[in-house]
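Engineer: Sharing a structure below in structure tokens format, with a few things to ask.
In my numbering, the protein residues as written are -19 to 281.
Pasting the structure below:
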């Protein structure tokens, strides 16, 4: 019986393919069991195969993959490199420069700082950029209408929540310097003058009451300035700061000072900025009016 050489070669080729599969399965099983056979190698030669060449597969744990091609043959193992997980940039919950939370409401100290900076001319847009908030929210903070934990802020206590360096760099802006005079009185006379100045004046009638006493009531410095036309109550803190008090005013109204001494004191107040030249004229006119009415027993102040 004649043997077909082609059929014989095909059979030998199939046997070799089967052996190669069995060898690969054995090598893979050894790798999974942790045996030293994870570097198994073998060499295949085929004289009739055009793609014949030395083949040395290497099995590495979790890196080698054998894929079957369209022709039914196994291709070389390809190393699989696991891709790195894309984490992206972390969300910043705290700003690195201002230590302000980028979500939610600002802390009590930062709300106080916003209002202090606003008083010193910092624009709302700059505050919004600084603290990573919307201009609408910053506006609510400045108006003390923003949502907070608890009751709304007491704006007068803002400087209690900021650092000493902030208080020095951004001191409070006083619209009325009477509070400053009360906190730092240099003499008891200044303190007494301030206490008399902050007392509200009660008038039952638009016109001042007429009294015909032998000794008319002496006005305080605050009452005297308020009785001038126009009133000069706004210069009271400056006069108190320069040392002018009720006792000095009474001495001038009673003409206990020499005219030269009185003129020198008023000129000094003008030169130091406590009053203007026009206010000095009004001040002297009020004194002349008081001294004229004092002779008739009528107190205009």
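No residue lacks a Cβ here, since even glycine has one placed at the ideal position from N, Cα and C.
#1: To the nearest angstrom, report how far apart residue 99 and residue 153 are at their CA atoms.
#2: Please state whether DSSP places residue 147 in a helix, a strand or coil.
#3: I need the straight-line Cα distance from residue 105 to residue 115, nearest angstrom please.
#4: Taking 9 Å as the cut-off, decide whether the C-beta atoms of residue 201 and residue 255 are in contact.
#5: The alpha helix (DSSP H) with residue 99 in it runs from where to where?
#6: Is it buried or exposed, residue 232, if we count other Cβ atoms within 10 angstroms and call 16 or more buried?
#7: Would you decide whether residue 137 is buried or exposed? Buried here means 16 or more other CB atoms lie within 10 Å of its CB.
#8: Buried or exposed: which applies to residue 266, given that a residue is buried once 16 or more other Cβ atoms fall within 10 Å of its Cβ?
#9: Give the straight-line distance between the Cα atoms of residue 214 and residue 121, rounded to the nearest whole angstrom.
#10: Decide if residue 253 is buried, meaning its Cβ has at least 16 other Cβ atoms within 10 Å, or exposed.
#11: So, under 8 Å CB-CB, residue 129 and residue 111 are touching, yes? Tell me the CB distance rounded to an integer number of Å.
#12: By Cβ distance, which residues of its chain are closer than 6 Å to residue 134, with the 5 residues on each side in sequence left out?
#13: If you follow the alpha helix (DSSP H) that residue 220 is in, where does it begin and where does it stop?
#14: When burial is assigned at 16 or more other CB atoms within 10 Å of the CB, is residue 225 buried or exposed?
#15: Taking only heavy atoms of the ligand FAD into account, decide whether any of them is closer than 8 Å to the Cβ of residue 268.
#16: Rounded to whole angstroms, how far is the Cβ of residue 142 from the Cβ of residue 92, which I believe are closer than 8 Å?
#17: From residue 119 to residue 113, what does the alpha carbon distance come to, in whole angstroms?
#18: Less than 9 Å between the beta carbons of residue 234 and residue 198, yes or no?
#19: Between 86, 117, 245 and -13, which has its C-alpha nearest residue 223's C-alpha?
#20: Considering Cα atoms alone, identify which of 87, 108 and 242 is closest to residue 127.
#21: How would you call residue 217, buried or exposed, if buried means at least 16 neighbouring beta carbons within 10 angstroms?
#22: Could you check how far apart the C-beta atoms of residue 262 and residue 229 are, in whole angstroms? I think they sit under 8 Å.
#23: Using DSSP with H/G/I as helix, E/B as strand and the rest coil, what is residue 248?
#24: Residue 141 lies in the alpha helix (DSSP H); which residues open and close that run?
Structural biologist: On the basis of the supplied data:
#1: 8 Å
#2: helix
#3: 6 Å
#4: no
#5: 88 to 99
#6: buried
#7: exposed
#8: buried
#9: 31 Å
#10: exposed
#11: Between residue 111 and residue 129 the Cβ distance is about 17 Å, and since that is not below 8 Å, they are no contact.
#12: none
#13: 216 to 221
#14: buried
#15: Among the components modelled here there is no ligand, and therefore nothing to report on the ligand FAD.
#16: 6 Å
#17: 10 Å
#18: yes
#19: 245
#20: 87
#21: buried
#22: The pair is not a contact, with the Cβ atoms about 14 Å apart (cut-off 8 Å).
#23: helix
#24: That residue, residue 141, is in no alpha helix (DSSP H); it is neither H nor E in DSSP.
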